[in-house]
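*Asks:*
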Amino acid sequence: MQMPEPDARILAAKPRVVARLRAALPAEAVIDAPEELRAYECDALTAYTCPPLAVTLPASTEEVAAVLRICHDEGVPVVPRGSGTSLAGGALPTADSVILGVARLTDVLEVNYSDRIIRVQTGRTNLSVTGAVEDEGFFYAPDPSSQLACAIAGNIAMNSGGAHCLKYGVTTNNLLGATMVLMDGTVVEVGGAHLDASGYDWLGLICGSEGMLGVVTEATLRILPRPEGALPVLMGFASAEAAGACVADIIKAGVLPVAIEYMDRLCIEVTDKFSGAGYPDCDALLIVEVEGAPAEIDAQLGLITEIAARHDPVEMRRAADADEAARIWKGRKSAFGAVGQINDYMCLDGTIPVSELPHVLRRIGELSEEYGLQVGNVFHAGDGNMHPLILFDANKPGDLETCEAMGAEILKLCVEVGGCLTGEHGVGIEKRDLMGHQFTPGDMEAQMRVKDVFDPAWLLNPAKVFPLTVSAPRRDRRAAAA
């Protein structure tokens, strides 16, 4: 993956830049020792690494603004970083960049149960947002698989979803307001504690912008009353096509489960061994969860199992109690980690129309044969958010390149059937060079003009999202003009 050459001028100015940062922040909030920088040389896309110039860990919006003002003054690129769980290289630094990590921004600033909102600093982890309100019977809906570790800042940057986004939506559907610091240190407030704001949809622009427009330090989030009950059912099928067709028929019938999750045989076996979930022996597994009062749950599951029966399931099993339900979800939530125990892998993130699931799953199987690499499929089937895990050997010459080539074909397939390159992981560097497959030059020009407005010198999150062939010359021109 090509990255721009570091700016020699910035490298030479490192002592002065670090000294200014140390003067603005507590001593422990600035890291520049080479051995300590290695902890920040990559995110969860570990195939690519590059130690940054320095790392800053501010603890307030004011400290974030101070860091950005210094870097803006010095012309130093800044890479915003949440918890480093990005699977698309969204937080990969360049050698001449300063990482701005939000790990110390963890406070709960306000909770209002009457208005059903919580305001938090964005370094707080996804799961701990629910932890702050669950004693009062509330929860925060978006639930990425990395929710134990991922930060709200990263969720906003990538518009993260999760297993339960089928019913409750992704981050953008649960974000009401944001405090964002622009590259020059200007602090702006967007939205607030109300359902919708008048005027331009700035929140819609910010959410999913991958840290290229500003650094979000505080977020007002929607919280919801926890439902009376929830119950998952396991449904095993003899083929991916049968499971995919079942998903399409459930959605077509107008039923709205909380979640519909898919795993293939490779993932079933690995995660079952890892979690002890008790998954059935089958080639394709669906986890379908519904919620509500007991009668409502029974009615929904009755219709869902009736639909599933038309596709000759190998096994159907309702969770008997809360403990079994927790084991079922533990297997799904730990899928990425479980597969990581047996092989290196690259996790993709294309999104497709639900009706195309059988065709796309069949084609992925064919590509697996053509490229000679195993694929484990685990994804949010209800909204067509695919997460193929391509297994490769990082120590085998050429294997990474083969994996990348196969991944590109799968993502192009997603676009060709009417989907898009990413559902919740973002573009980052992983899909950067595929943007032209989904967007015309005019489309990308419009997107880059938005960045021109928010970040005139193109200092925020360099080398991400846009192909370097179009972004590098623009960045050079904009930086010179600034």
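Just so we're aligned: the sequence shown equals residues 203 to 684 in my numbering. Each residue gets a CB set at the ideal place from its N, CA and C atoms; glycine is no exception.
(1) Who does Leu-248 pair with in a DSSP beta bridge?
(2) My guess is that Gly-586 and Gly-621 are in contact by the Cβ rule of under 8 Å, so how many angstroms apart are they, rounded?
(3) On the three-state DSSP scale, how would you describe Phe-581?
(4) For Thr-327, which beta-bridge partners are listed by DSSP?
(5) Please state whether DSSP places Arg-519 in a helix, a strand or coil.
(6) Is the beta carbon of Leu-255 sitting closer than 9 Å to the one on Leu-302?
(7) Alpha carbon to alpha carbon, how far is Leu-488 from Pro-496?
(8) On the CB-based measure, 16 or more other CB atoms within 10 Å of its CB, does Lys-454 come out buried or exposed?
(9) I'd like to check one pair, Arg-424 with Tyr-342: are the Cβ atoms closer than 9 Å?
(10) Give me the Cα-Cα distance between Ser-570 and Glu-603, rounded to the nearest whole angstrom.
(11) Kindly identify the DSSP beta-bridge partner or partners of Leu-426.
(12) If you run the structure through DSSP and keep just helix, strand and coil, what is Glu-336?
(13) So, using beta-carbon positions, are Leu-247 and Ser-285 closer together than 9 Å?
(14) In three-state DSSP terms, what is Cys-549?
(15) Arg-326 to Pro-260, Cα distance in whole Å?
(16) In angstroms with no decimal places, state the Cα-to-Cα distance between Asp-485 and Ala-351.
(17) Would you kindly check if the distance between the Cβ of Thr-373 and the Cβ of Met-360 is under 9 Å?
(18) If you check the beta carbons only, do Leu-196 and Val-541 fall under 9 Å apart?
(19) Enumerate in chain order the residues of its own chain whose CB-to-CB distance from Ala-684 is below 7 Å, with the five nearest sequence positions on each side excluded.
(20) First and last residue of the beta strand (DSSP E) that includes Tyr-464?
(21) Check whether the region 314 to 332 and the region 429 to 436 touch, using three or more Cβ-Cβ pairs below 8 Å as the test.
(22) Per DSSP, which residues does Phe-439 bridge with? Please list them.
(23) Keeping to the same chain, check which residues put their C-beta closer than 6 Å to that of Glu-517; ignore five residues upstream and five downstream.
(24) Since Glu-618 is in the alpha helix (DSSP H), which residue starts that stretch and which ends it?
(25) Quick one: what's got a C-beta closer than 8 Å to Glu-412's C-beta in the same chain, skipping five residues either side?
(26) Using C-beta distances below 6 Å, list every residue in its chain close to Leu-415, excluding the 5 sequence neighbours before and after it, in chain order.
(27) How many angstroms separate the CA atom of Val-278 from the CA atom of Thr-553?
(28) Any idea if Pro-427 is buried or exposed, counting beta-carbon neighbours within 10 angstroms, 16 or more meaning buried?
(29) Provide the residue span of the alpha helix (DSSP H) that contains Leu-670, from first to last.
(30) What did DSSP end up calling Cys-273 once you bin it into helix, strand or coil?
(31) May I have the straight-line CA-CA distance separating Arg-467 from Thr-473, to the nearest angstrom?
(32) Going by DSSP, what residues sit across from Phe-594 in a beta bridge?
(33) Inspect the CB distances between the region 637 to 646 and the region 668 to 678 and report whether three or more fall short of 8 Å.
(34) Just the C-alpha distance for Tyr-304 and Met-588, rounded to the nearest angstrom, thanks.
(35) For a quick check, are the C-beta atoms of Asn-328 and Asp-345 less than 9 Å apart?
(36) Considering only C-alpha positions, which residue in the set Ala-353, Val-257, Glu-238, Pro-253 is nearest to Val-219?
*Replies:* In brief:
(1) In the sequence shown, residue 248 corresponds to position 46, counting from 1. Note that residue 248 is Thr in the sequence shown here, rather than Leu. None, per the DSSP bridge assignment.
(2) The residue labelled residue 586 in the question sits at position 384 within the sequence shown. The residue labelled residue 621 in the question sits at position 419 within the sequence shown. Separation of the CB atoms of Gly-586 and Gly-621 is rounded to 7 Å, and the pair is thereby assigned contact status at 8 Å.
(3) Here residue 581 refers to the residue found at position 379 when the sequence shown is read from its first residue. Strand, per DSSP.
(4) If you number the sequence shown from 1, residue 327 lands on position 125. Answer by DSSP bridge pairing, in chain order: Ala-353.
(5) Numbered from 1 along the sequence shown, position 317 holds the residue referred to as residue 519. Three-state result, Arg-519: strand.
(6) Position 53 of the sequence shown, counted from the start, is the residue given in the question as residue 255. Position 100 of the sequence shown, counted from the start, is the residue given in the question as residue 302. Result no, Cβ atoms of Leu-255 and Leu-302 do not sit closer than 9 Å.
(7) Your numbering for residue 488 matches position 286 in the sequence shown. Your numbering for residue 496 matches position 294 in the sequence shown. Using only the alpha carbons, I get a separation of about 22 Å.
(8) The sequence position of residue 454 within the sequence shown is 252, counting from 1. For Lys-454, the number of other beta carbons within 10 angstroms of its own is below 16, and it is reported as exposed.
(9) Counting from 1 along the sequence shown, the entry for residue 342 is found at position 140. Counting from 1 along the sequence shown, the entry for residue 424 is found at position 222. The answer is yes: Cβ separation under 9 Å.
(10) As a working note, residue 570 is residue 368 in the sequence shown. As a working note, residue 603 is residue 401 in the sequence shown. Inter-residue distance for Ser-570 and Glu-603 is about 14 Å (C-alpha atoms, whole angstroms).
(11) On the sequence shown, residue 426 is found 224 positions in, with the first residue counted as 1. DSSP output for Leu-426 lists Phe-341 as bridge partner(s).
(12) By 1-based counting over the sequence shown, the position of residue 336 is 134. Glu-336 sits in a helix when the DSSP states are folded into three classes.
(13) The count along the sequence shown starts at 1 and reaches residue 247 at position 45. The count along the sequence shown starts at 1 and reaches residue 285 at position 83. No.
(14) As a working mapping, residue 549 is identified with position 347 in the sequence shown. If DSSP states are grouped into helix, strand and coil, Cys-549 belongs with the strands.
(15) Looking up residue 326 in the sequence shown gives position 124. Looking up residue 260 in the sequence shown gives position 58. C-alpha separation (whole angstroms): 13 Å.
(16) Here residue 485 refers to the residue found at position 283 when the sequence shown is read from its first residue. Here residue 351 refers to the residue found at position 149 when the sequence shown is read from its first residue. Cα-Cα distance, rounded: 30 Å.
(17) Taking the first residue of the sequence shown as 1, we reach residue 360 at position 158. Taking the first residue of the sequence shown as 1, we reach residue 373 at position 171. Taking 9 Å as the Cβ cut-off, Met-360 and Thr-373 qualify as a contacting pair.
(18) With the chain covering 203 to 684 only, the question about residue 196 has no answer from this structure.
(19) Along the sequence shown, read from residue 1 onward, the residue named residue 684 stands at position 482. Residues Pro-658, Ala-659 of the same chain have their beta carbon placed closer than 7 Å to that of Ala-684, with the five preceding and five following residues left out of the count.
(20) Translated into positions along the sequence shown, residue 464 becomes position 262. For Tyr-464, the uninterrupted beta strand (DSSP E) run begins and ends at 461 to 466, by DSSP.
(21) no
(22) Translated into the one-based positions of the sequence shown, residue 439 becomes position 237. Note: Phe-439 sits in a beta bridge opposite Ala-486.
(23) Position 315 of the sequence shown, counted from the start, is the residue given in the question as residue 517. Same-chain partners within the cutoff: Gly-438, Pro-482.
(24) What you label residue 618 is simply residue 416 of the sequence shown in a count that begins at 1. Element bounds for Glu-618: 601 to 618.
(25) In the sequence shown, counting from the first residue as 1, residue 412 sits at position 210. Once the five neighbours on either side are set aside, the close Cβ partners of Glu-412 are Gly-292, Ala-359, Met-360, Gly-628, Val-629, Gly-630, Asn-663, Lys-666, Val-667.
(26) Sequence index remark: in the sequence shown, residue 415 carries index 213 (1-based). In chain order, Phe-656 place their CB closer than 6 Å to the CB of Leu-415, counting only its own chain and leaving out the 5 sequence neighbours on each side.
(27) Translated into positions along the sequence shown, residue 278 becomes position 76. Translated into positions along the sequence shown, residue 553 becomes position 351. Computed Cα separation, rounded: 35 Å.
(28) Here residue 427 is taken as the residue at index 225 of the sequence shown, counted from 1. So Pro-427 ends up on the exposed side.
(29) Mapped onto the sequence shown, residue 670 falls at position 468. Note, Leu-670: alpha helix (DSSP H), 670 to 683.
(30) For this step, residue 273 is matched to residue 71 along the sequence shown. Helix, per DSSP.
(31) Position 265 of the sequence shown, counting from 1, holds the residue named residue 467. Position 271 of the sequence shown, counting from 1, holds the residue named residue 473. Going by the C-alpha atoms only, they are around 10 Å apart.
(32) For the purposes of this step, residue 594 is taken as the residue at position 392 of the sequence shown. DSSP output for Phe-594 lists Asp-546 as bridge partner(s).
(33) Contact between the region 637 to 646 and the region 668 to 678 is present, with at least three C-beta pairs closer than 8 Å.
(34) Counted from its first residue, the sequence shown places residue 304 at position 102. Counted from its first residue, the sequence shown places residue 588 at position 386. Tyr is not the amino acid found at residue 304; the sequence shown has Val there. Looking at the two C-alpha atoms, the distance is approximately 29 Å.
(35) As a first step, residue 328 is located in the sequence shown; it is residue number 126 there, counting from the start. As a first step, residue 345 is located in the sequence shown; it is residue number 143 there, counting from the start. Yes. Within cutoff.
(36) Counting from 1 along the sequence shown, the entry for residue 219 is found at position 17. The shortest C-alpha separation from Val-219 is found at Val-257.
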